[in-house]
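Engineer: Residue numbers for the sequence shown follow this note's numbering, beginning at 764 and rising by one.
Even for Gly, the Cβ is constructed at its ideal location relative to N, Cα and C.
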Amino acid sequence: MSSLQDIMEGTRFKRYIPDNFIVDPLRVDRLILCCGQIFYDLHAERERLQSESSAADNPGYRVAIARVEQLSPFPFDLVIKDIQRYPNLRSVVWAQEEPMNQGAWGYTSKRIESCLFHLGRPNKIERPLYVGRDVSATTAVGDKHLHDKELAQLLVDAFNLECTDNSYLSKYLSRRVQAEQQQEEKKQQQKQQRQQEQQEEEHQQQQLEEQQQQQQMAEDGAPTASSTPSNS
Numbered sequence: 764m765s766s767l768q769d770i771m772e773g774t775r776f777k778r779y780i781p782d783n784f785i786v787d788p789l790r791v792d793r794l795i796l797c798c799g800q801i802f803y804d805l806h807a808e809r810e811r812l813q814s815e816s817s818a819a820d821n822p823g824y825r826v827a828i829a830r831v832e833q834l835s836p837f838p839f840d841l842v843i844k845d846i847q848r849y850p851n852l853r854s855v856v857w858a859q860e861e862p863m864n865q866g867a868w869g870y871t872s873k874r875i876e877s878c879l880f881h882l883g884r885p886n887k888i889e890r891p892l893y894v895g896r897d898v899s900a901t902t903a904v905g906d907k908h909l910h911d912k913e914l915a916q917l918l919v920d921a922f923n924l925e926c927t928d929n930s931y932l933s934k935y936l937s938r939r940v941q942a943e944q945q946q947e948e949k950k951q952q953q954k955q956q957r958q959q960e961q962q963e964e965e966h967q968q969q970q971l972e973e974q975q976q977q978q979q980m981a982e983d984g985a986p987t988a989s990s991t992p993s994n995s
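(1) Taking only beta-carbon positions, decide if PRO862 is within less than 7 Å of chain D.
(2) Mind reading off the beta-carbon distance from GLU808 to PHE922? Whole number of angstroms is fine, and I expect it under 8 Å.
(3) I need the boundaries of the beta strand (DSSP E) containing ILE854, first residue and last residue.
(4) Alpha carbon to alpha carbon, how far is HIS806 from GLN958?
(5) Going by beta carbon distance, what residues of the same chain come within less than 6 Å of SER899, once the five residues before and after it are set aside?
(6) Would the beta-carbon of LEU796 fall within 7 Å of that of ALA827?
(7) Given this structure, state the Cα-to-Cα distance separating THR871 from GLN916, to the nearest angstrom.
(8) Measuring only the C-alpha atoms, how far is PHE837 from GLU925?
(9) Could you tell me whether the Cβ atoms of LEU834 and ALA867 are closer together than 7 Å?
(10) May I have the straight-line CA-CA distance separating PHE880 from GLU889, to the nearest angstrom?
(11) What did DSSP end up calling VAL898 once you bin it into helix, strand or coil?
(12) Pull up the distance between the alpha-carbon of VAL791 and that of PHE839, whole angstroms please.
(13) By how many angstroms is the C-alpha of VAL940 removed from the C-alpha of MET771?
(14) So, with DSSP's three-state summary, where would you put ILE785?
(15) Check for me: the beta strand (DSSP E) holding ALA915 runs from which residue to which?
(16) Which same chain residues end up closer than 6 Å to ARG874 when comparing Cβ atoms and leaving out the 5 residues on each side of it in sequence?
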């Protein structure tokens with residue numbers, strides 16, 4: 764989504780596009796790195812946050828968004844230079860639309876980590892955070908409502924400055940554990956239901972056999988429990 768001015772004669776490809784909308788680099792706590800369409804969603808979300816308040820703690824003013832236009836060879840020099848621009852940085856994030864096991868995260872994570880290791884900052888950031896969709900067997904969920912819901916959660920995670928470790932991965936693992944527990948509970952419920960149905964079937968079968976036995980005894984002329992006269 765380049766303007767005509769970006770592709771006119773005399774211009775050249777940019778390996779890395781820093782955030783040109785940041786007014787005060789000292790206020791920036793988080794640097795989001797991304798590539799592709801997701802930049803425009805992140806930028807729109809930041810503008811929305813900024814429109815709500817101009818307070819110092821508004822994440823809309825504390826998050827910078829840069830674009831890695833050239834993934835390979837990775838622009839180590841430009842990423843390092845941009846990180847140095849924000850002295851109070853507390854986290855570096857890689858954001859992507861794709862699931863965790865797809866997209867560029869698997870490639871960029873170690874390279875961003877190398878940049879952070881090279882800098883050795885006083886408030887050392889050891890590794891980048893991941894913001895994106897969970898692991899998936901498909902590239903898309905195939906449902907517009909669910910797609911929009913996942914994108915909304917992605918944007919919330921991207922601007923959640925309370926997250927300064929890779930808690931997104933922890934959250935993903937926690938959801939996996941929770942899903943496994945729910946699956947196990949469902950299996951137990953199904954097992955109990957099958958046992959209950961089996962008991963009901965056995966009870967019905969027993970009643971049927973008793974009825975057949977009474978009917979047979981009645982046909983043979985033998986007294987049944989209901990036809991036996993009382994001693995009174």
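Structural biologist: Inspection of the coordinates gives the following:
(1) Chain labels in this structure do not include chain D; a single protein chain is all it has.
(2) Confirmed, Cβ separation roughly 7 Å.
(3) The question names Ile, yet the displayed sequence has Ser at residue 854. 854-862 is the extent of the beta strand (DSSP E) around SER854.
(4) 56 Å
(5) PRO862
(6) no
(7) Between THR871 and GLN916, the C-alpha separation is close to 22 Å.
(8) 29 Å
(9) yes
(10) 7 Å
(11) DSSP places VAL898 in coil when its eight states are reduced to three.
(12) 21 Å
(13) 53 Å
(14) coil
(15) From DSSP, ALA915 is part of no beta strand (DSSP E) but of the alpha helix (DSSP H) over 907-921.
(16) Excluding its 5 nearest sequence neighbours in each direction, ARG874 has C-beta neighbours in its own chain below 6 Å: PHE837, listed in chain order.
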